[in-house]
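A quick write-up on the structure given underneath.
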Amino acid sequence: MTAKKKNSLLIIDDEKLNIKLLTHILSPEYAIYTATNGPSGIKIATEYMPDIILLDILMPEMDGYQILSELKRYEKTKNIPVIFITGLDGKKDEEKALALGGVDYITKPFSAIVVKIRVRNQIQMINQLRTIEFLSMHDHLTKLPNRRNFDERLHMEWVRAIREQTTISILMMDLDRFKAVNDTYGHEQGDNVIQNVAGIFRYSLRRPGDFAARWGGEEFAVLLPNTPLSGALDIAERIRANVEGAEIPRSGGETLKITISIGVNSQAPTNESAVSLFLSNSDKALRAAKEAGRNNVHSMATGSAVPVKAAAR
């Protein structure tokens with residue numbers, strides 16, 4: 651079994667003795683990064699994205715307030731929780747630290763137990779929020795990203811394609827005659843089919859940026875950034891063939907076969923392009939694949955559906 655990844659902490663303090671002591675206290679539970687000044691701490695935070703930052707206030711070059719303000723300026727680091735650990739024990743100092751966005755304030759000399767508890771409380775909140783966020787953005791049956799997640803990713807990749815003047819492709823997919831599977835074998839077997847098909851995407855897509863999602867019911871979608879039509883067609887045919895070739899387990903040691911229809915659309919978007927039209931044409935390509943007899947790939951080329959010859963079967 652793969653070991654659970656540790657949460658990570660970044661300690662920013664110009665006193666090496668404090669770093670050593672905090673590392674000794676916290677390293678059994680967390681992965682630790684350290685920095686002795688603001689610029690290097692900000693660089694490490696941006697590169698490694700720790701779960702929490704433990705930050706001193708009185709430091710040369712940049713004090714803790716300046717470091718936190720700088721972290722809040724950047725989209726990537728602005729939401730990392732910061733706990734101040736400082737020798738300043740005045741109420742005004744604590745008020746300023748919390749007003750700037752610090753989540754907690756611990757004064758030196760600190761208690762090891764207090765530090766552990768305060769850090770653990772923040773980590774628990776972070777992990778709970780991440781779990782809630784994951785559940786809201788993923789399909790519970792397949793663990794694939796859901797429609798909401800796909801829509802957000804499509805928007806991000808669409809903007810990037812406009813900026814970098816690249817082509818973006820989408821595959822819209824629908825399992826063939828899936829209602830007959832549910833009617834014949836029951837909804838539990840239908841869920842098993844959905845899960846098995848979701849697993850096929852994981853080995854059919856080979857680039858980290860390729861993004862598969864459950865669109866709803868027996869429908870799926872795959873987003874292919876920086877992919878021209880020819881590449882999208884190759885990937886679509888690979889998925890189609892892998893689904894057709896899969897033997898999906900049934901009770902009693904028997905197996906079930908299923909096929910999939912795929913609509914492909916590719917576009918190099920501009921500021922005048924509409925995502926809604928891009929999706930609409932993808933749906934048209936999928937409908938054309940269904941109307942052509944199912945278990946095949948169709949693309950949208952110059953506004954018309956063009957059949958792609960499927961592999962011999």
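Using our numbering, the first residue of the sequence shown is number 651, and each one after it goes up by one. Idealized CB from N, CA, C, for every residue including glycine. Predicted model, so just to flag it, every value in this text is computed and none were measured.
First and last residue of the beta strand (DSSP E) that includes residue i?
i, result
"P921", "The residue asked about is misnamed: residue 921 is Asn in this sequence, not Pro. N921 -> no beta strand (DSSP E), and no H or E assigned at all."
"L874", "E869 to L874"
"M823", "I818 to L825"
"T736", "V732 to T736"
"T757", "D754 to T757"
"I908", "Premise fails: I908 is in no beta strand (DSSP E) and is neither H nor E."
"I703", "I702 to L705"
Where residue i and residue j are concerned, what is the direct C-alpha to C-alpha distance, given to the nearest angstrom?
i, j, result
"A762", "K666", "17 Å"
"S880", "S949", "10 Å"
"N657", "N729", "15 Å"
"V764", "L718", "22 Å"
"S954", "Y715", "For S954, the pLDDT reaches just 42, beneath the cut-off of 50, and the residue's location in the model is therefore unreliable, although a value from the coordinates is still provided. For S954 and Y715, the distance between alpha carbons rounds to 59 Å."
"M806", "G737", "43 Å"
"R963", "A942", "A caution first: R963 carries a pLDDT of 31, below 50, which makes its placement in the model too unreliable to give a value."
"L929", "R810", "17 Å"
"K766", "E783", "26 Å"
"I692", "F800", "31 Å"
"A939", "M822", "10 Å"
"R890", "I682", "45 Å"
"I703", "M787", "27 Å"
"R857", "N876", "11 Å"
"V893", "R864", "15 Å"
"L708", "N687", "10 Å"
"R813", "V753", "36 Å"
"I910", "L873", "17 Å"
"I773", "V947", "47 Å"
"G849", "N777", "26 Å"
"V847", "L936", "17 Å"
"I756", "E744", "9 Å"
"I818", "P759", "56 Å"
"G859", "R852", "12 Å"
"D739", "T696", "29 Å"
"Y698", "A862", "26 Å"
"M775", "K934", "44 Å"
"T905", "G836", "14 Å"
"A924", "P878", "18 Å"
DSSP on residue i, reduced to helix/strand/coil?
i, result
"N657", "coil"
"D663", "coil"
"N668", "helix"
"A749", "helix"
"M950", "strand"
"N945", "coil"
"A862", "strand"
"I639", "Here the chain has residues from 651 to 963 only, and residue 639 is not among them."
"T686", "coil"
"A960", "The predicted position of A960 is uncertain, since its pLDDT is 43 and thus under 50; a value taken from the coordinates is nonetheless stated next. Looking at A960 - three-state DSSP - the assignment turns out to be coil, as it is neither helix nor strand."
"G913", "strand"
"H674", "helix"
"M651", "At M651, the pLDDT of 44 sits below 50, so the modelled position is not reliable and the matter cannot be decided from this model."
"A955", "Confidence at A955 is low in this model, with a pLDDT of 46, below 50, so the placement of that residue is unreliable and no value is reported for it."
What residue range does the alpha helix (DSSP H) around residue i cover?
i, result
"F800", "R797 to E814"
"G714", "G714 to R723"
"L879", "L879 to G895"
"Y853", "H837 to S854"
Any contact of the region 784-801 with the region 896-905, i.e. 3+ C-beta pairs under 8 Å?
-> The region 896-905 and the region 784-801 do not touch, with fewer than three beta-carbon pairs separated by less than 8 Å.
Does the region 796-806 come close enough to the region 834-850 to have 3 or more Cβ pairs within less than 8 Å?
-> The region 796-806 makes no contact with the region 834-850, as fewer than three CB pairs between them are under 8 Å.
Would you say the region 820-839 touches the region 855-874, given that touching needs at least three Cβ pairs under 8 Å?
-> Result yes; three or more Cβ-Cβ pairs closer than 8 Å.
Decide if the region 905-919 is in contact with the region 873-892; the criterion is three or more beta carbon pairs, one per stretch, under 8 Å apart.
-> The region 873-892 and the region 905-919 touch, with three or more beta-carbon pairs separated by less than 8 Å.
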